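Numbered according to my numbering, the sequence shown spans residues 2 to 215.
Remarks on the structure that follows.
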Amino acid sequence: MRAPLLFGGLAVLFVTLLARALYLQGIDTKFLQEQGSARYSRELPVPAHRGRIVDRAGEALALSTPVKSLWAFPSRFEASPSQLRELARILETTPQKVQATLDANGDFAFVARQIPPETAYRAMALRIPGLHEQQEYRRFYPGGDVTAHIVGFTGDRDAGQEGIELAQQTWLAGIPGSRRVLINRRNEAVEDVAAIRAPQAGRDLALSLDTRLQ
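Given below as structure tokens:
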């Protein structure tokens with residue numbers, strides 16, 4: 002009776018040790034994968050929609066419209082020579098300038114900023130591995146020079162520089178959000194949902210000015 006019991010005990014011990022080894026291997030594999038992903042992740046700002054500036058009749062003096070920006074992790078950007086030439090043509094630049102932008106910006110680079118959505122669509126249609134897009138906003142001033150001295154303008158970071166845009170920056174700007182982007186094994190951008198903070202839109206501002214009388 003002792004021999005069968007001994008062999009049975011050894012078998013149970015073997016199975017237990019094997020299961021433990023597989024479990025630890027699974028943890029190590031997951032850990033290494035997570036560490037590998039972390040090298041190709043970045044927290045990107047999510048711009049807040051800036052509030053409109055309107056006159057007392059509700060006519061827009063300043064408003065923000067959606068545009069697109071293209072970005073990449075340079076080490077994961079894998080355009081063929083023909084794709085790079087076509088991308089440069091779409092962006093109205095040269096392949097050398099696109100490559101220089103990538104080379105000069107370390108682990109993250111904006112390939113193009115605030116371009117029309119249709120331009121971004123054509124660029125993304127090239128299906129270049131490692132090229133990604135995100136939505137931003139561009140400020141427009143329908144009143145042009147007539148109200149420019151009052152309304153002012155915003156800079157590259159969508160912050161007020163002069164006039165009402167500067168004086169009412171906090172009211173108009175809102176609060177930007179953020180999102181963490183991971184690059185998977187297929188070189189696709191995958192959002193880490195747990196790291197997303199939604200932006201809070203800015204508030205509209207109505208002036209006592211009547212542009213019809215200007």
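Glycine residues also receive a C-beta, built at the ideal position from the N, C-alpha and C atoms.
On a predicted model such as this, the values are computed, not experimentally measured, just so you know.
Inset, instruction - Measure how close the beta-carbons of V47 and P177 come, nearest whole angstrom, since I'm counting them as under 8 Å. - result: Within the sequence shown, numbered from 1, the residue matching residue 47 stands at position 46. Within the sequence shown, numbered from 1, the residue matching residue 177 stands at position 176. Right, their Cβ atoms sit about 6 Å apart.
Legend entry - DSSP-derived helix/strand/coil call for P117: Your numbering for residue 117 matches position 116 in the sequence shown. In the structure shown, P117 sits in coil (DSSP, three-state: anything other than H, G, I, E or B).
Inset, instruction - Figure out for me which residue from G52, E60, S42, R43 has the closest Cα to the Cα of T212. - result: In the sequence shown, the residue the question calls residue 212 occupies position 211. Ranking G52, E60, S42, R43 by Cα distance to T212 puts E60 first.
Inset, instruction - Verify whether the separation of the beta carbon atoms of S42 and L183 is less than 8 Å. - result: The sequence position of residue 42 within the sequence shown is 41, counting from 1. The sequence position of residue 183 within the sequence shown is 182, counting from 1. Yes. Within cutoff.
Legend entry - Within 8 Å, strictly: CB atoms of L127 and L71: Numbered from its first residue, the sequence shown carries residue 127 at position 126. Numbered from its first residue, the sequence shown carries residue 71 at position 70. Not closer than 8 Å, so no.
Legend entry - Residues bridged to T66 [DSSP beta-bridge criterion]: Taking the sequence shown and counting its residues from 1, one reaches residue 66 at position 65. The partner list for T66 (beta bridge, DSSP) reads R139.
Inset, instruction - State yes or no: is the C-beta of I197 within less than 8 Å of the C-beta of R186? - result: Position 196 of the sequence shown, counted from the first residue, corresponds to residue 197. Position 185 of the sequence shown, counted from the first residue, corresponds to residue 186. No, they are not a contact pair.
Legend entry - Inter-residue spacing [alpha-carbon to alpha-carbon] between A174 and G52: Counted from its first residue, the sequence shown places residue 174 at position 173. Counted from its first residue, the sequence shown places residue 52 at position 51. Each residue's Cα considered, the two are about 7 Å apart.
Inset, instruction - Check whether the stretch 137 to 152 touches the stretch 62 to 81, taking contact to mean three or more Cβ pairs, one atom from each stretch, closer than 8 Å. - result: The stretch 137 to 152 makes contact with the stretch 62 to 81, as at least three CB pairs between them are under 8 Å.
Legend entry - Span separating the alpha-carbon of L150 from that of P200: As a position in the sequence shown, residue 150 is number 149, starting the count at 1. As a position in the sequence shown, residue 200 is number 199, starting the count at 1. The sequence as given places His at residue 150; Leu does not occur at that position. Spanning the two alpha carbons is a distance of roughly 30 Å.
Inset, instruction - Step through the CB atoms of chain D and report whether any lies within less than 8 Å of the CB of A110. - result: Of the protein chains in this structure there is only one, and it is not chain D.
Inset, instruction - Excluding the 5 residues preceding and the 5 following R123 in the sequence, name in chain order all residues of the same chain whose CB lies nearer than 8 Å to its CB. - result: Walking along the sequence shown from the start, residue 123 turns up at place 122. So the qualifying residues of the chain are I91.
Inset, instruction - Return the Cβ separation of W172 and L208 in integer angstroms, given the expectation that the two are a contact with Cβ distance under 8 Å. - result: Reading the sequence shown from its first residue, position 171 is the one you call residue 172. Reading the sequence shown from its first residue, position 207 is the one you call residue 208. With a Cβ gap of about 12 Å, W172 and L208 do not count as contacting.
Legend entry - For P46, three-class secondary structure by DSSP: Translated into the one-based positions of the sequence shown, residue 46 becomes position 45. Reduced to three states, the DSSP call for P46 is strand.
Legend entry - Completely contained alpha helix (DSSP H) runs for the stretch 77 to 133, where each covers 4 or more residues: 82 to 91, 96 to 104, 118 to 125
Inset, instruction - Put A207 into one of helix, strand or coil per three-state DSSP. - result: Here residue 207 refers to the residue found at position 206 of the sequence shown. Of the three classes helix, strand and coil, the one that applies to A207 here is strand, per DSSP.
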